[in-house]
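A.B. asks: Take a look at the following structure, please.
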Amino acid sequence: MKGAGGPNDSSVTLHVRAAGGLTLLLLGDLEPPAQRGLLHSAAGLPRVDVLKVAHHGSGFQDAGLLDGVRPRLALISCGADNPYGHPAPRTVEALRAAGARVLRTDTDGAIAVTGAGKELRAVGRSGGEG
């Protein structure tokens, strides 16, 4: 991506439209400048059902992208008690403020997402469902 910075900005990023209408945005480890670039390069990047939050939910997220895609579910992949403090509390708070239900692998275990529309569900290995 033009203007992208370090190696994290070379992450694979996918916008998925699955059968049944489910939409997902999987951000890899994109840093905020590349997140902004994605938002501006994909004219009309729509709201998504599921967002795989960039870089393990670090504090470096682009608020404009989070506001623009307004996910219903936000998934954060991070290890328990990791030395980086991921996910950042401000990231979790921003996602919740945008209306997302946040699931984290450090507290919810492996996460399965099923359904679409009003039938969208996510279940963590710990048994929490939503």
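Here my numbering runs 62 ahead of the position in the sequence shown, where the first position is 1. We put the beta carbon where it would ideally sit given N, CA and C, even for glycine.
Along the chain, where does the alpha helix (DSSP H) containing Thr-167 start, and where does it finish?
C.D. replies: In the sequence shown, residue 167 corresponds to position 105, counting from 1. Element bounds for Thr-167: 167 to 170.
A.B. asks: Which runs of the beta strand (DSSP E) spanning at least 3 residues fall entirely within the segment 63 to 136, listed in chain order?
C.D. replies: At a cut-off of 3 residues, the continuous stretches assigned as beta strand (DSSP E) that sit fully inside the segment 63 to 136 are 76 to 79, 85 to 88, 112 to 114.
A.B. asks: Quick one: residues in its chain with C-beta nearer than 8 Å to the C-beta of Asn-144, no 5 flanking neighbours on either side, listed in chain order?
C.D. replies: Numbered from 1 along the sequence shown, position 82 holds the residue referred to as residue 144. Non-local C-beta neighbours of Asn-144 in its own chain, meaning closer than 8 Å and more than five positions away in sequence, comprise His-118, Asp-168, ordered along the chain.
A.B. asks: Just the Cα atoms here: how many angstroms apart are Gly-99 and Leu-107?
C.D. replies: Numbered from its first residue, the sequence shown carries residue 99 at position 37. Numbered from its first residue, the sequence shown carries residue 107 at position 45. Cα to Cα, the separation comes out at about 11 Å.
A.B. asks: I believe Arg-134 touches Ala-162 by the beta-carbon criterion, under 8 Å. Please report the beta-carbon distance rounded to the nearest angstrom.
C.D. replies: Within the sequence shown, numbered from 1, the residue matching residue 134 stands at position 72. Within the sequence shown, numbered from 1, the residue matching residue 162 stands at position 100. Going by Cβ atoms, the distance from Arg-134 to Ala-162 rounds to 6 Å, so yes, they are a contact pair.
A.B. asks: Spatial neighbours of Gly-90 within its chain, please: CB distance less than 6 Å, with the 5 preceding and 5 following residues excluded, ordered by chain position.
C.D. replies: As a first step, residue 90 is located in the sequence shown; it is residue number 28 there, counting from the start. Only Ser-73, Val-74, Thr-75 meet the Cβ criterion.
A.B. asks: Can you have a look at Thr-153 and say buried or exposed, based on whether 16 or more other CB atoms are within 10 angstroms of its CB?
C.D. replies: What you label residue 153 is simply residue 91 of the sequence shown in a count that begins at 1. Buried, since its Cβ has 16 or more Cβ neighbours within 10 Å.
A.B. asks: Quick one: grab the DSSP three-state call for Gly-141.
C.D. replies: For the purposes of this step, residue 141 is taken as the residue at position 79 of the sequence shown. Looking at Gly-141 - three-state DSSP - the assignment turns out to be coil, as it is neither helix nor strand.
A.B. asks: Is DSSP giving Gly-186 helix, strand or coil here?
C.D. replies: Residue 186 sits at position 124 when you count from the first residue of the sequence shown. Looking at Gly-186 - three-state DSSP - the assignment turns out to be strand.
A.B. asks: Report the CB separation of Ala-131 from Arg-109 in whole angstroms; it is logged as a contact under 8 Å.
C.D. replies: Translated into positions along the sequence shown, residue 131 becomes position 69. Translated into positions along the sequence shown, residue 109 becomes position 47. The question names Ala, but residue 131 is Val in the sequence shown. Confirmed, about 6 Å.
A.B. asks: Quick check: what's the CA-CA separation for Ala-81 versus Ala-160?
C.D. replies: Walking along the sequence shown from the start, residue 81 turns up at place 19. Walking along the sequence shown from the start, residue 160 turns up at place 98. Computed Cα separation, rounded: 25 Å.
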